[in-house]
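Worksheet: the structure to be examined is printed underneath.
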């Protein structure tokens, strides 16, 4: 190797490159050059593929050829020695001695010198080629920049770019010092550009740890204002943001924020206030937009790790952001004429229109505390500006109330949303938009402001920022004033809410305001301060009162607006405090200074909608959707006893029943479609009528939530149809409503308390379904499923797989009326044998399909606390009806145990503590009719009382059971 040929040098270069590529990940993660050297020194210990690298194989072969003979000779010399101190060939000392002698040999010294000279030549050659490649790349990049068209917007600083696309090189402290000097603003632009290129190829850890980092950071921030250097600086900042701790990234972020702020102050950019457009590809705007986008990306990512650092670092990031965004209050002012100052908040709103960064900052208590403290003490002007923008938008809408078109600065929001998706697409080949009108910038600022205010309102300290004084208003704006402003925005630009989830991110004003109002409704304290106030209720019901009085309501789309109003009213009425506000507080002026409660106004308007008796509202402006929405508001009131008491005099149940009967008759008269014949009613109209019929049935059904409401439902004559409708939803596992307070199980219990209700349940098929479901889980319960883990106790009072079905049947049989209607004076079958898959379909048939143990000892064993010796399968173990002790299923004088195997216990005995062990049919033991049921039940009650410790006389329980001969 002393005479290294060109072929050998090329081969060594190739092997060395292959090794470096293989360990690139490990070297790239090294924070410094010393750490990288340490990794290379211990590579054999940490890399399992070390001996498979071609370069390592080459070195092993070279050492073997150079020192093989020396090792063999030394081994022979050491093992041939005579005497007691001879070194054995199997000892570790032999290896140590041979290694030491080999390293002291002249051949070893010559080999190391030759290898060092050879590798020095190879490494220098690689470095030279690397520098040549770098210079060639820089030259090509420079030519590409000169030839690049300025009309193409290309994002070159995204931190999502792969770092492996660039060559990796270590850099010394002296080189970093030289780069910092070259980046000085007094140097030529070409020199600064070359220094930036070299800096971008250096590891960020080496750059941040150098002694000249302070001066280097100042020079980098100064280079941000240069159009030719800004992109390279941002690229380097993006690498630091993605790989450095918060104490370093905070310095970069604050420097970037100050640079953007100084650029806005020096350029004094503006945009037209009318429909004229502004081009964001203008060099000065494009450069600022890239810088703010990098800041916005960091704002959204920093929340994932700043809790691991001291609060001062987080506070520095937040304060620098607020200082930049408050620029338009301290320095920005509208230009006279048709132009307005372009502010940082406009560009931030274009990039993050729904203020995702602010939502993330307000999510955690750690950062939310700092944000609210800074807003209250130093940067309240930010909230003032957001509130001012919402007021300006609302007033602009009001000025165009009587116009047939939207305000000129109100853009088509669907197109606006699509534009943002396209513009923010990362693929540079996609069609990107670069021109925006002043109206669109103002609307983006409004959406951003609305999202910020909505997030503030849901927190206590955020609401403490109010009242706020704004320009052109004598009185400060309170919380209720802001809510009223938002409601007025809905009135001026309504848009029906879509049921499709793909529209949840719509940027229409009504959807955005409704999202804020929904958030307020979901929080009790927030709703009490913002919504449960007289001005808010008056604003919500102002169009309703105007229509009731025969006046023309100033609504652009009455049907859509009324639907949105009803949605908010229903959410308010769904809470206890909101319901009390609707029912008892006379805070609405109806006519001639007459005051009324909100419930009266709502129910009267609902009745007029049902009768289509609103002279001031055209028939085309009324729809089943708005009418159903107001019925739903009434439903939140009449499904409580207090609300039903207030609404009962109006006869709402009669009006809804009449509308249902009318709709039902219309559907019955719809002719069957015949191919080739012209249809009198379109398929869409028929579908809408079916939806309207189900809405009315659902509203009638919810009268059954209270005992008096159930009586009113029975009087309408629609109870059978309502319960059939309920059964159809019950089998589909559908919820009662979007403001659900209870499930259909509660309603079944309520309906089953009356004889007509039980009869309707029986005819609807619900009783049969419950019995079949219970028997199905008994026949195919958890015992037929493989055990994943052993149970903590050998036997449960009731199988968990059967519990839900069992409780449904218990709820059905929770009153004496339901028990009598379902079992009274009905023959109980008692077959000698049953088929394998015979399933009971009614309550009287259910007991005969189970059988009890024939021996008394086995029956008593089922009451014991320890049932280790009872190995029979117990299918029905928990038929315990706590409130049916005095309403037993005894329908004859001498009922035998084989006829009714239910266990009936007194109220107060723990459910599940008393159970009879019934064996599934098909066993070897037959039925025994010799013992009356009362004897067995009394024995069970006695043992249950003694087991649970309830101080109830078992003798009294036994006496009551034996004494009841008829029911």
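Numbering (UniProt numbering), first residue to last: 1 to 967.
C-beta atoms are modelled at their ideal positions from N, C-alpha and C, and glycine is treated no differently.
Small disclaimer: the values here were computed from a predicted structure and weren't measured.
Reduced DSSP secondary structure (H/G/I, E/B, other) of residue i
i	result
residue 588	strand
residue 685	helix
residue 437	strand
residue 341	strand
residue 594	strand
residue 670	coil
residue 736	coil
residue 552	coil
residue 652	helix
residue 356	helix
residue 535	helix
residue 575	coil
residue 8	helix
residue 557	coil
residue 252	helix
Residue environment, residue i, which counts as buried when at least 16 other CB atoms sit within 10 Å
i	result
residue 455	buried
residue 123	exposed
residue 734	exposed
residue 462	buried
residue 615	exposed
residue 6	exposed
residue 106	exposed
residue 624	buried
residue 584	exposed
residue 443	buried
residue 435	exposed
residue 521	buried
residue 18	exposed
residue 493	buried
residue 287	buried
residue 25	exposed
Terminal residues of the beta strand (DSSP E) in which residue i lies
i	result
residue 272	270 to 272
Residue i, enclosing alpha helix (DSSP H) - first and last residue
i	result
residue 278	Element bounds for residue 278: not the alpha helix (DSSP H) but the beta strand (DSSP E), 277 to 279.
residue 468	Where residue 468 is concerned, there is no enclosing alpha helix (DSSP H), given that its DSSP letter is neither H nor E.
residue 801	800 to 812
residue 208	204 to 208
residue 764	755 to 764
residue 309	It is not in any alpha helix (DSSP H) - residue 309 carries neither H nor E in the DSSP assignment.
residue 506	No alpha helix (DSSP H) contains residue 506, which DSSP labels as neither H nor E.
residue 492	479 to 492
residue 376	365 to 377
residue 638	624 to 638
residue 709	707 to 716
residue 283	283 to 301
residue 722	719 to 731
residue 818	816 to 823
residue 192	189 to 201
residue 744	744 to 751
residue 987	Past the boundaries of the shown model lies residue 987; the chain is included only from 1 to 967, so the question cannot be answered.
residue 642	641 to 647
Below-7 Å beta-carbon distance, residue i vs any chain B residue
i	result
residue 72	In summary, chain B is missing from the structure at hand, where a single protein chain is found.
task: Decide yes or no for the touch test of the region 725 to 739 against the region 680 to 689: beta carbon pairs closer than 8 Å, at least 3 of them.
output: no
task: Mind listing, in chain order, the continuous alpha helix (DSSP H) runs of no fewer than 4 residues lying wholly within the UniProt domain "BROMI N-terminal" (12 to 139)?
output: 24 to 28, 33 to 41, 43 to 46, 54 to 79 and 92 to 103
message: Contact between the region 280 to 287 and the region 298 to 310 is defined here as three or more beta-carbon pairs at a separation below 8 Å; is this criterion met?
response: no
field: Cβ contact (3+ pairs, closer than 8 Å) linking the region 34 to 51 and the region 67 to 77
entry: no
- request: Count the CB pairs spanning the region 469 to 481 and the region 438 to 455 that are closer than 8 Å, and state whether there are at least three.
  value: no
field: Contiguous alpha helix (DSSP H) assignments of at least 4 residues, all confined to the region 222 to 248
entry: 230 to 243
- prompt: Any contact of the region 228 to 241 with the region 385 to 401, i.e. 3+ C-beta pairs under 8 Å?
  reply: no
- prompt: For the region 263 to 275 against the region 202 to 216, are there 3 or more C-beta pairs whose distance is under 8 Å?
  reply: no
- request: Tell me, please, whether the region 506 to 519 touches the region 533 to 552 by the rule of three or more beta-carbon pairs shorter than 8 Å.
  value: no
message: Check whether the region 647 to 663 and the region 738 to 753 touch, using three or more Cβ-Cβ pairs below 8 Å as the test.
response: no
- request: Tell me, please, whether the region 710 to 718 touches the region 655 to 669 by the rule of three or more beta-carbon pairs shorter than 8 Å.
  value: yes
field: Meets three-Cβ-pair contact criterion under 8 Å: the region 535 to 542 and the region 586 to 606
entry: yes
message: Pairs of beta-carbons, one from the region 571 to 583 and one from the region 597 to 607, closer than 8 Å: are there three or more?
response: yes
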